[in-house]
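Number of protein chains: 2
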Amino acid sequence: MATGHTDPQRRERIIAATLDLIAEEGIAHVSHRKIAARAGVPLGSMTYHFSGMDELLREAFTRFADHIVAVFDAHLAAPADRDQARQAVTDLVHALSEGSQRDLVLTQELYTLAARRPVYRELTHEWMGRSRTHLEKHFDPATARQLDALIEGLTLHRALDNEPHDRALTLEAITRITTTRP
Amino acid sequence: MATGHTDPQRRERIIAATLDLIAEEGIAHVSHRKIAARAGVPLGSMTYHFSGMDELLREAFTRFADHIVAVFDAHLAAPADRDQARQAVTDLVHALSEGSQRDLVLTQELYTLAARRPVYRELTHEWMGRSRTHLEKHFDPATARQLDALIEGLTLHRALDNEPHDRALTLEAITRITTTRP
DNA sequence: CCGTTGAGTGTACGATCGTACGCATGTCGA
DNA sequence: TCGACATGCGTACGATCGTACACTCAACGG
């Protein structure tokens, strides 16, 4: 069927370039032209591979959400008991907030989209759901939800604070919220 | 000094229109022209009252941050003891997450800016600092920080979840994190 | 060997953008 | 009353945008 000189990496490179650019300049300043330049593809490729800017952004953030889900999985799949789970969550919070500026910024951009448009909210629901599933292996559902919210808040505040919590403080917060009083 | 027919409301109207527009369409889609149209002022007023888009956005978000600080103050200034404080924080979380979609979206937009640019981070620091000061009247500093982060996470998750926590669950989380074990 | 096909590209168009700047207009000191 | 002057506006300019679309060209069936 005349499958000519096709380049399946093209699409991926464009998506990667899109995320890089959003991380650096913000959604407000991305454009087909800038993305094309950064990805090293001609402008025509943009409309060829993606129906428009919206589709491109949706694909890009889907890719990003997958990445975050992988980070959650990597940290939360292993622990075998409650104490290990608490340690793992502490690691996760510190990994997220001390990790690449890129991920922090992209997370915020995604939340901003999610706050307005349901399509993007589905992406955040997926990773919150996955996170909660992991946590429910060690804590009851209500606790898992509270812990999930705490993870979010700690990560954000650590990222935005000038003097972030140290590890002991993070663990203490996690321990408190996962401790049911008699 | 020939202070001609000046209109001090002009500036405020422009700022208000800017915030409305950002809430509706996102920072990515605001423009001088749209703001001018919404505020009912001529395009020329934009560059007259503000040196450029950056100054306008900074003023707009400063105004917004003041508003959020006021919400925090209104909820957190009154309580007299720890239990009242816990109730007040619960009210605050629900007020923030069930209140206007507008505030939620604007908060996210501001966080997104703050994640990238220190100028905007100062605005978020101010309201986090104020919040912490209030909380420290009833809880030790470490607890106040943890509680502050929890407020953030609960608000965000309540806003983004399809089935938000009910009040009892919110209060339970707040109680846990403010309870120091013997 | 050649016509067909479909992947991929270059370019051009109309819209919209931020911003500068010359001009109208109303106020005030003299 | 009348320049001087600050306030505020209309408009125009160059840049940049998203997107459409005619085109090239390699590969393949016959």
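Read top to bottom, the protein sequences are chains L and B.
For the first sequence, my numbering assigns the number 1 to the initial residue and increments by one for each residue that follows.
For the second sequence, my numbering assigns the number 1001 to the initial residue and increments by one for each residue that follows.
Ideal placement from N, C-alpha and C gives every residue a C-beta, glycine not left out.
Bear in mind that the values here come from a model prediction, so they are computed numbers and not experimental data.
Only exposed fits residue 101(L), as fewer than 16 other CB atoms lie within 10 angstroms of its CB.
The residues 10, 13 and 14, in chain order, have a CB closer than 8 Å to that of residue 41(L) in the same chain once the five nearest residues on each side in sequence are set aside. Under the three-pair Cβ rule at 8 Å, the stretch 105 to 112 of chain L counts as touching the stretch 23 to 43 of chain L. Residue 153(L) belongs to the set of residues whose beta carbon lies under 8 Å from a beta carbon in chain B. Spanning the alpha carbons of residue 1051(B) and residue 158(L) requires a straight line of approximately 34 Å.
Within its own chain, the residues whose Cβ lies closer than 6 Å to the Cβ of residue 1063(B), once the five positions on either side in sequence are excluded, are 1015, listed in chain order. Annotated as proximal: residue 1056(B) and residue 1018(B), with beta-carbon spacing under 8 Å. Across the stretch 1054 to 1066 of chain B, no CB contact with chain L closer than 9 Å is found for any residue. Within the stretch 1065 to 1135 of chain B, the complete alpha helix (DSSP H) segments of 4 residues or longer fall at 1082 to 1098, 1101 to 1116 and 1118 to 1135, listed in chain order. A buried status is given to residue 1148(B), since no fewer than 16 other beta-carbon atoms sit within 10 Å of its beta-carbon. For residue 1153(B), the closest C-alpha among the options 133(L), 174(L) and 86(L) is that of 174(L). Of all residues in the stretch 1120 to 1131 of chain B, only 1121, 1124, 1125 and 1128 come within less than 8 Å of chain L when Cβ atoms are compared, listed by chain position. Exclusion of the five residues before and after residue 1138(B) leaves 1082 and 1085 as the residues of its chain whose Cβ lies within less than 6 Å of its Cβ. Using a Cβ-Cβ cut-off of 7 Å, residue 148(L) is close to 1157 of chain B, given in chain order.
Against residue 105(L), the close residues of chain B are 1112, 1115 and 1116, in the order they occur along the chain (beta-carbon pairs closer than 8 Å). Each residue's CA atom was taken as its position, placing residue 1058(B) and residue 1008(B) some 19 Å apart. Between the beta-carbon of residue 93(L) and that of residue 151(L) there is about 6 Å, and that keeps the pair under the 8 Å contact cut.
Secondary structure at residue 181(L): coil, using DSSP grouped into helix, strand and coil. Listed by position along chain L, the residues whose Cβ is nearer than 8 Å to that of residue 1138(B) form an empty set, because the closest Cβ is around 16 Å away.
DSSP places residue 151(L) inside the alpha helix (DSSP H), whose first and last residues are 141 to 160. Between residue 71(L) and residue 95(L), the gap from beta carbon to beta carbon is short of 8 Å. Put simply, the CB of residue 1108(B) is near chain L, with a gap under 8 Å to one of its CB atoms. DSSP, read as helix, strand or coil, puts residue 31(L) in coil.
DSSP, reduced to helix, strand and coil, places residue 44(L) within a helical segment of the structure shown.
The beta carbon of residue 1179(B) falls within 8 Å of a beta carbon belonging to chain L, placing the residue at that interface. Taking the beta carbon of residue 160(L) as reference, the chain B residues within 9 Å of it are 1111, 1114, 1115, 1121, 1124, 1125 and 1128, listed in sequence order. Under a criterion of Cβ atoms nearer than 8 Å, no residue of chain B is adjacent to residue 38(L); the nearest Cβ is some 17 Å distant. When Cβ-Cβ separations below 8 Å define contact, residue 1173(B) makes contact with chain L.
In the three-state DSSP reduction, residue 1061(B) falls in the helix class (H, G or I).
Of the candidates 90(L), 130(L) and 171(L), 130(L) places its Cα closest to the Cα of residue 65(L). Not a single C-beta of chain B is nearer than 8 Å to the C-beta of residue 44(L). Residue range 1008 to 1025 is occupied by the alpha helix (DSSP H) that includes residue 1008(B). Rounded to whole angstroms, the gap between the alpha carbons of residue 1176(B) and residue 1074(B) is 24 Å. Interface criterion not met: the Cβ of residue 1167(B) is under 8 Å from no Cβ in chain L.
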